Amino acid sequence: MASQTEPARAKGRRKERNWLWPAFAAPGLLWLILLFVVPFYAILAVAMGRIDPLFGLAQPVWNPLQWDPTTFFNVIRDLFGGRLTALALRTITYVAVATALCIVIGYPVAYFIGRRAGRWKVLLLVLLILPFWINYIMRMLAWVNLLSTDGLANELMVAIGLFDAPQNWLSGRSSTVVLGLVYGYIPYFILPLYAALDRLDEELLEASRDLGANPFWTFVRVTLPLSRQGILAGTVLIMLPMFGDYYTPNLLSGSPRTRMIGNEIDQFISSGIGGTEGAALTVVLMAFVGILMSYYLIQVARETKRAAK
Amino acid sequence: MTAQAETRPASVAPPADETRSRVDRLRNWLANPWRKPRWLAVFTFAYLVWALVPVLIAIQFSFNAGRSRSAWQGFSLRWYINDPSLSVLNDPSLRAALTQSLKIAVLTMVIATPLGVGLALGLARWRGRGARPANTLMLFPLITPEIVMGVALFLVFTNLFSFVDLGTPAQLLGHVTFTISYVVVVLRGRLFAVTAQYEEAAMDLGASRWQAMRLVLLPLLMPAIYAALALVFAISIDDFVISAFLSAGQDSVTLPVRLYSSTRLGPTPALNALATILLLITLLAIVAAGIALGRSRRRRGEHGSGVEDLAQFDM
Chain X
570 MASQTEPARA KGRRKERNWL WPAFAAPGLL WLILLFVVPF YAILAVAMGR
620 IDPLFGLAQP VWNPLQWDPT TFFNVIRDLF GGRLTALALR TITYVAVATA
670 LCIVIGYPVA YFIGRRAGRW KVLLLVLLIL PFWINYIMRM LAWVNLLSTD
720 GLANELMVAI GLFDAPQNWL SGRSSTVVLG LVYGYIPYFI LPLYAALDRL
770 DEELLEASRD LGANPFWTFV RVTLPLSRQG ILAGTVLIML PMFGDYYTPN
820 LLSGSPRTRM IGNEIDQFIS SGIGGTEGAA LTVVLMAFVG ILMSYYLIQV
870 ARETKRAAK
Chain Z
7 MTAQAETRPA SVAPPADETR SRVDRLRNWL ANPWRKPRWL AVFTFAYLVW
57 ALVPVLIAIQ FSFNAGRSRS AWQGFSLRWY INDPSLSVLN DPSLRAALTQ
107 SLKIAVLTMV IATPLGVGLA LGLARWRGRG ARPANTLMLF PLITPEIVMG
157 VALFLVFTNL FSFVDLGTPA QLLGHVTFTI SYVVVVLRGR LFAVTAQYEE
207 AAMDLGASRW QAMRLVLLPL LMPAIYAALA LVFAISIDDF VISAFLSAGQ
257 DSVTLPVRLY SSTRLGPTPA LNALATILLL ITLLAIVAAG IALGRSRRRR
307 GEHGSGVEDL AQFDM
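From first to last, the protein sequence lines are chains X and Z.
Here my numbering is used: position 4 in the first sequence is 573, and no number is missing along the way.
Here my numbering is used: position 206 in the second sequence is 212, and no number is missing along the way.
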């Protein structure tokens, strides 16, 4: 070592590092390629594959040159003006209404905890994060308990005179499913928004006040535009999983009247037959979610560029 | 205030003095929203009650002495241990779900954490051509909807890697796949602070590369690694969709899958007990992760607790 000059040593070290760090990353990368990238290809291979004429089972076709898009196009046709149109519209309506409710309910909460909570902030933050770590199914189970015909929520509504008799909330009611979606996903909306509002520079708000804006206009002109990024992040974050949700309508309704796209996919997979159609639906869902995702990423990139200017 | 008190509708019977002053005080407290956002405080309080009380009620009824999940019949541990055939302890299928969940979570933790640590280290220090695509690839499992990943894994295990049986093996591989990225995210936060200079300094002082890693880098990363272990455990035990898609009947039912399949079948409070146990295990793991993250933060010289760090995980 002593005989080596400094640059030579550094060079040797650099050469060594050329393979060392990729070698560290290799096992994890290999895992993700085999069990994340390849499975995605498998969805395509099944969606564009054949159906075994004898057993009616889906047969994947791995060579893209032999892909047969008939089933895929059929599914697209079903979605736009066919058997699945009502399902697609219902899914979009549920997600849109639930997301809007999440924004209306979530914004004041995020705003209060992020900007106005004072000494209560840490406690409130813990309570805000708690639902993240309560299992989603358990949170739905809690509402199934409350909303069943002999449940406490039903008793309460009868007691305060809202209804004469207990209602059956748990079969085929869109309102229950939408409220379930709101209840399930709203924590994921509030948190990124909270982070955005928490980061907000107090001096900007003071400047606005000093320049004569009252609190209302300060909020509309300063706080709201500056938290747009947080709203967008939260919205995308809840919309992505909501589009693939099947367990919320199943648990809170279980009726064909409240089926979503996710239920259709789940049924194909769990029944084992018609895998081609299920895979094709998943491809459509992926494309849809991918558009949402890229819109979000473009917005973030634009915002970052603007901030850098 | 007096003006408001006078305009109170006459039809409302005037309450007793004490009640009125209390009502006035409440009204006072809610008035003037711009100075201190009282109604925001009330709204936030109402939100938190709405978000948490249903779950608290579900927990309460896991301790019900009777069979009902809505009429309180006294406290007992019947649904946890005492009932000879229906309690979590004595119903073999409930016990099996608990065991299956713990088994998968522990194995996932042991496999995903080293893979993720290696990947995080590699991605943080590797400056080659493959680094950027690798970084992008790593992010995708975090944003892919679970149902898509579930379908993808199901199809690959049934069509291509058919030597992997559905059930425990497939569930384990699936859980590792979607938790690796979380390990990378946790470690990356730490690796921003622990730059390559630490090892270079050690090597300039005569340590070999492996000594520098073992004696300098590893100890500096340890809190983050502990946090990643606990987090992976919590995410794995909490997962529903991947476990459900990759399960193979009775033998591979995990806790959340069992909750899902029994919720609508007129279950006993034992199901609430099972959910409560799941919640307790998850929270223990998360508190452990939070403590480790807090320690990692303090070493970085930052203020605050691990609470806010934790907030960015889990979907």
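Even for Gly, the Cβ is constructed at its ideal location relative to N, Cα and C.
What you are looking at is a predicted structure, and each value in this text was computed from that prediction instead of being measured.
Closest Cα partner of residue i within the set the options
{"i": "Leu694 (chain X)", "options": "Z:Phe51, Z:Leu226, Z:Asn88", "result": "Z:Phe51"}
{"i": "Thr164 (chain Z)", "options": "X:Thr668, X:Gly803, X:Leu623, X:Ala611", "result": "X:Ala611"}
{"i": "Leu653 (chain X)", "options": "X:Glu872, X:Tyr865, X:Arg826, X:Ser863", "result": "X:Arg826"}
{"i": "Arg619 (chain X)", "options": "X:Phe609, X:Trp631, X:Lys690", "result": "X:Trp631"}
{"i": "Gly683 (chain X)", "options": "Z:Ala47, Z:Arg215, Z:Ile65", "result": "Z:Ala47"}
{"i": "Ile186 (chain Z)", "options": "X:Gly650, X:Gly597, X:Ala870, X:Trp590", "result": "X:Gly597"}
{"i": "Met617 (chain X)", "options": "X:Phe624, X:Trp636, X:Leu626", "result": "X:Trp636"}
{"i": "Ala595 (chain X)", "options": "Z:Gly124, Z:Asp210, Z:Gly296, Z:Asp97", "result": "Z:Gly124"}
{"i": "Leu121 (chain Z)", "options": "X:Leu769, X:Leu739, X:Phe837, X:Trp600", "result": "X:Trp600"}
{"i": "Ile698 (chain X)", "options": "Z:Arg133, Z:Met209, Z:Ala298, Z:Ile292", "result": "Z:Ile292"}
{"i": "Phe593 (chain X)", "options": "Z:Leu113, Z:Arg133, Z:Tyr53, Z:Arg28", "result": "Z:Arg133"}
{"i": "Phe160 (chain Z)", "options": "Z:Val247, Z:Thr25, Z:Trp45", "result": "Z:Val247"}
{"i": "Lys690 (chain X)", "options": "X:Leu715, X:Asp767, X:Ala614", "result": "X:Asp767"}
{"i": "Leu290 (chain Z)", "options": "X:Pro633, X:Glu771, X:Trp702, X:Ser822", "result": "X:Trp702"}
Buried or exposed by the 16-neighbour rule on C-beta atoms within 10 Å, applied to residue i
{"i": "Ala764 (chain X)", "result": "buried"}
{"i": "Asp814 (chain X)", "result": "buried"}
{"i": "Glu846 (chain X)", "result": "buried"}
{"i": "Pro139 (chain Z)", "result": "exposed"}
{"i": "Val157 (chain Z)", "result": "buried"}
{"i": "Asn737 (chain X)", "result": "exposed"}
{"i": "Thr668 (chain X)", "result": "buried"}
{"i": "Gly781 (chain X)", "result": "exposed"}
{"i": "Ser242 (chain Z)", "result": "buried"}
{"i": "Pro90 (chain Z)", "result": "exposed"}
{"i": "Asn704 (chain X)", "result": "buried"}
{"i": "Ala849 (chain X)", "result": "buried"}
{"i": "Glu775 (chain X)", "result": "exposed"}
{"i": "Arg828 (chain X)", "result": "buried"}
{"i": "Glu152 (chain Z)", "result": "buried"}
{"i": "Gly650 (chain X)", "result": "exposed"}
{"i": "Ala856 (chain X)", "result": "exposed"}
{"i": "Tyr53 (chain Z)", "result": "buried"}
{"i": "Phe681 (chain X)", "result": "buried"}
Same chain, Cβ closer than 6 Å to residue i, neighbours up to 5 away in sequence not counted
{"i": "Ala176 (chain Z)", "result": "Phe163, Val170, Leu252"}
{"i": "Ala802 (chain X)", "result": "Pro761"}
{"i": "Tyr663 (chain X)", "result": "Val747"}
{"i": "Ala111 (chain Z)", "result": "Phe239, Ser242, Ile243"}
{"i": "Leu866 (chain X)", "result": "none"}
{"i": "Gln628 (chain X)", "result": "Gly618, Arg619, Asp621"}
Cut-off 7 Å between Cβ atoms - residues of its own chain near residue i, not counting five sequence neighbours on either side
{"i": "Asn141 (chain Z)", "result": "Leu129"}
{"i": "Ser268 (chain Z)", "result": "Leu277"}
{"i": "Met726 (chain X)", "result": "Phe732"}
{"i": "Asn832 (chain X)", "result": "Tyr815, Pro818, Asn819"}
{"i": "Ser302 (chain Z)", "result": "Arg196, Pro229, Ala230, Ala233"}
{"i": "Leu235 (chain Z)", "result": "Met115, Thr119"}
{"i": "Cys671 (chain X)", "result": "Val751, Tyr754, Ile755, Phe758, Ile807"}
{"i": "Ile287 (chain Z)", "result": "Ile243"}
{"i": "Asn587 (chain X)", "result": "none"}
{"i": "Ser214 (chain Z)", "result": "none"}
Proximity test, residue i beta-carbon vs the ligand GDP heavy atom, cut-off 6 Å
{"i": "Pro151 (chain Z)", "result": "The model on display carries no ligand, and the ligand GDP is accordingly not part of it."}
Contact set for residue i: own chain, Cβ-Cβ below 8 Å, skip 5 residues either direction
{"i": "Met862 (chain X)", "result": "Val805, Leu809"}
{"i": "Trp85 (chain Z)", "result": "Ser68, Phe69, Asn70, Leu92, Ser93, Val94, Thr274, Pro275, Ala276, Asn278, Ala279"}
{"i": "Ser82 (chain Z)", "result": "Phe69, Asn70, Ala71, Asn88"}
{"i": "Arg685 (chain X)", "result": "none"}
{"i": "Ile834 (chain X)", "result": "Gly813, Tyr815, Gly847, Leu850, Thr851, Leu854"}
{"i": "Glu12 (chain Z)", "result": "Any reading at Glu12 (chain Z) must be qualified, since the residue scores a pLDDT of 42, below 50, and its modelled position is unreliable; the value itself is stated next. For Glu12 (chain Z), where only same-chain residues beyond five positions count, there are no Cβ hits under 8 Å."}
{"i": "Ser99 (chain Z)", "result": "Gln256, Val259, Arg264"}
{"i": "Gln79 (chain Z)", "result": "Asn70, Ala71, Gly72"}
{"i": "Gly173 (chain Z)", "result": "Leu252, Ser253, Ala254, Gly255, Asp257, Ser258"}
Which residues DSSP lists as bridging residue i, in chain order
{"i": "Asn70 (chain Z)", "result": "Z:Phe81"}
{"i": "Ala627 (chain X)", "result": "X:Ile620"}
>> When you compare the region 592-605 of chain X with the region 177-193 of chain Z, are there three or more beta-carbon pairs, one atom per stretch, that lie closer than 8 Å?
In response: The region 592-605 of chain X is in contact with the region 177-193 of chain Z.
> Can at least three beta-carbon pairs, one atom from the region 641-651 of chain X and one from the region 659-669 of chain X, be found at a separation below 8 Å?
Replying inline: The region 641-651 of chain X is not in contact with the region 659-669 of chain X.
>> Across the region 105-114 of chain Z and the region 254-273 of chain Z, are there enough close Cβ pairs to call them in contact, namely three or more that are closer than 8 Å?
In response: Yes: the two stretches touch, three or more of their Cβ pairs being nearer than 8 Å.
>> For the region 713-721 of chain X against the region 70-79 of chain Z, do three or more pairs of beta-carbon atoms, one drawn from each stretch, fall closer than 8 Å, so that the two count as touching?
In response: The count of Cβ pairs closer than 8 Å, one atom from the region 713-721 of chain X and one from the region 70-79 of chain Z, reaches three, so the stretches are in contact.
> Do the region 782-795 of chain X and the region 749-757 of chain X make contact, defined as three or more Cβ pairs closer than 8 Å?
Replying inline: In short, these stretches do not touch, since the Cβ pair count stays below three.
>> Below 8 Å, how does it come out for the region 699-713 of chain X and the region 281-289 of chain Z: are there three or more Cβ pairs, yes or no?
In response: Cβ pair count under 8 Å is three or more, so yes.
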